[in-house]
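Peer 1: Here it is, the structure, as structure tokens.
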Amino acid sequence: MCGRYTRYLSWSEIHRLYRLTTDWERQRNDAPAYNIAPTEEVVFVTAGEDGNHKLREGRWWLVPWWAKEMPKGSMFNARSETADT
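Structural data, given as structure tokens:
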């Protein structure tokens with residue numbers, strides 16, 4: 001497991017699918033994105049409090065709420081010598 005993912009749909013297809021009305025600045029590249037890696041800044045769709053879908057921007061990575069800053073170079077795959085600890 002490497003933590004990478006693919007966005008198969010273009011932004012125009014995502015807009016139609018979720019009925020988005022937001023004109024998001026980062027949508028300049030309408031093509032699908034392949035090989036999105038951990039720590040990349042990405043745009044994603046969330047459900048808003050009003051029930052409508054919204055576009056948000058964030059980092060593709062798990063950062064605990066208590067972390068003061070983004071971990072540098074941390075590994076998320078288990079090492080064989082420490083898998084049981």
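So for the sequence shown, the working numbering puts the first residue at 1; every next one is plus one. Glycine is no exception: its CB is placed at the ideal position from the N, C-alpha and C atoms. Just so we're clear, the structure is a prediction, and the values are computed from it rather than from any experiment.
Helix or strand or just coil, what does DSSP make of residue 13?
Peer 2: Working through the sequence shown from its first residue, we reach residue 13 at position 13. Helix.
Peer 1: Would you kindly work out how many angstroms separate the C-alpha atoms of residue 33 and residue 66, rounded to a whole number?
Peer 2: For the purposes of this step, residue 33 is taken as residue 33 along the sequence shown, with counting starting at 1. For the purposes of this step, residue 66 is taken as residue 66 along the sequence shown, with counting starting at 1. Whole-angstrom Cα-Cα distance: 31 Å.
Peer 1: Are residue 20 and residue 54 touching if we call contact CB-CB under 9 Å?
Peer 2: As a working mapping, residue 20 is identified with position 20 in the sequence shown. As a working mapping, residue 54 is identified with position 54 in the sequence shown. Taking 9 Å as the Cβ cut-off, residue 20 and residue 54 qualify as a contacting pair.
Peer 1: From this set, 11, 41 and 12, which residue's C-alpha is nearest residue 62's C-alpha?
Peer 2: Within the sequence shown, residue 62 is the residue found at index 62, counting from 1. Taking only the C-alpha atoms, the option nearest residue 62 is 41.
Peer 1: Applying the criterion that 16 or more other CB atoms from any shown protein chain within 10 Å of the CB defines a buried residue, is residue 36 buried or exposed?
Peer 2: Reading the sequence shown from its first residue, position 36 is the one you call residue 36. Exposed is the call here.
Peer 1: Cα separation between residue 47 and residue 16?
Peer 2: On the sequence shown, residue 47 is found 47 positions in, with the first residue counted as 1. On the sequence shown, residue 16 is found 16 positions in, with the first residue counted as 1. It is roughly 15 Å from the alpha-carbon of residue 47 to the alpha-carbon of residue 16.
Peer 1: Nearest by alpha-carbon distance to residue 57: which of 69, 44, 13 and 50 is it?
Peer 2: Locating residue 57 in the sequence shown gives position 57, counting from the first residue. Considering only alpha carbons, the answer is 44.
Peer 1: By the three-class DSSP mapping on this structure, what secondary structure does residue 18 have?
Peer 2: Mapped onto the sequence shown, residue 18 falls at position 18. Of the three classes helix, strand and coil, the one that applies to residue 18 here is helix, per DSSP.
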